[in-house]
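Visitor: Residue numbers (this note's numbering): 215 to 447. Using N, Cα and C, we set each Cβ at its ideal position, and we do this for glycine too. Predicted model, so just to flag it, every value in this text is computed and none were measured. Sending over a structure as structure tokens; questions will come in a sec.
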Amino acid sequence: MSTSTLPSSSLNASFAKLQQYTACDISDALLKLKVPGAGYIADLNSYSTNTGRDAKSPTIAPVSTILFAAKGETPSDPAPNVPKDTHWADVTKAGTFVVMKQPPGQTNAICGGIMALRMKIRGVEGIIVAGRVRDVEELRDTNMPILAHGLSTVGSGGSSVPWALQVPLEINSVKVSPGDVAFQDPVNGVVIIPQDKVEEVLGMLPKLTAADDKVKEDVLKGMSVYDAFKLHR
């Protein structure tokens, strides 16, 4: 399954333009577009960073997804599609930000050092886990962004099984689909841009950020926030 309906050249051009903005800028645009949660995935902790980049430089990549199920349960939707006799880490997509979702309430991890290493070797750009990870030192050794809601010492085998690849996920009201764009800002957090909103967001950002700059200038001069917002926003 393709990770995007846009040609790779168009994606690369869009990502280059997005680099100059922050996750907060992106969410401002998505909020105006009425995207649920303004695309922000809340409560993620960083367990590894891209040490080859500037400390403030975002990592931007198309999304691929992995949904986990509780061991012994059979979700009615989506249908399972993980290939037999294959580990899910061996089929992760190069050039993507892998987004993984774990069943709620579990205390085991669904991603550890070996899986992160395999994904790194396969050319994955980063990992977001709506759940738990483990082997923190090994995660850091990958030198790529890895974020999760929490930690565990326990592997996935006890409670979680990989259920479906490249399916839509919902994480705290934010919808995440294969081909969406993950914008991982190491300072401000992670925002998911729906793939059909990327160009619209890019068109809005210059005006939105220019307005904010004017607001800040006037506030520095002593104007009230209320008046500055009224004047420029």
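1. Can the beta-carbon of V368 be found less than 8 Å from the beta-carbon of N322?
2. Starting from the Cα of P318, find the closest Cα among I406, Q398, S374 and V305 and give me that residue.
3. Can you name the residues that DSSP bridges to M314?
4. Roughly how many angstroms lie between the CA atoms of V312 and D441, to the nearest whole one?
5. What is the DSSP secondary structure of N402, reduced to helix, strand or coil?
6. Just verifying my parser: in three-state terms, what is the DSSP assignment at E384?
7. In the structure shown, what three-state DSSP assignment does P250 receive?
8. Can you name the residues that DSSP bridges to N259?
9. Taking the beta carbon of A224 as the centre, do at least 16 other beta carbons fall within 10 Å, making it buried, or is it exposed?
10. Where V212 and T306 are concerned, what is the direct C-alpha to C-alpha distance, given to the nearest angstrom?
Guide: According to the structure data:
1. yes
2. A check of alpha carbon separations from P318 across I406, Q398, S374 and V305 identifies S374 as the nearest.
3. Note: M314 sits in a beta bridge opposite I280 and V343.
4. So the alpha carbons of these two residues sit roughly 43 Å apart.
5. coil
6. strand
7. Correct three-state label for P250: helix.
8. A362
9. Correcting the residue type first, residue 224 is Ser in the shown sequence and not Ala. So S224 counts as exposed.
10. Absent from the model: residue 212. The displayed extent of the chain is 215 to 447, so no value can be given.
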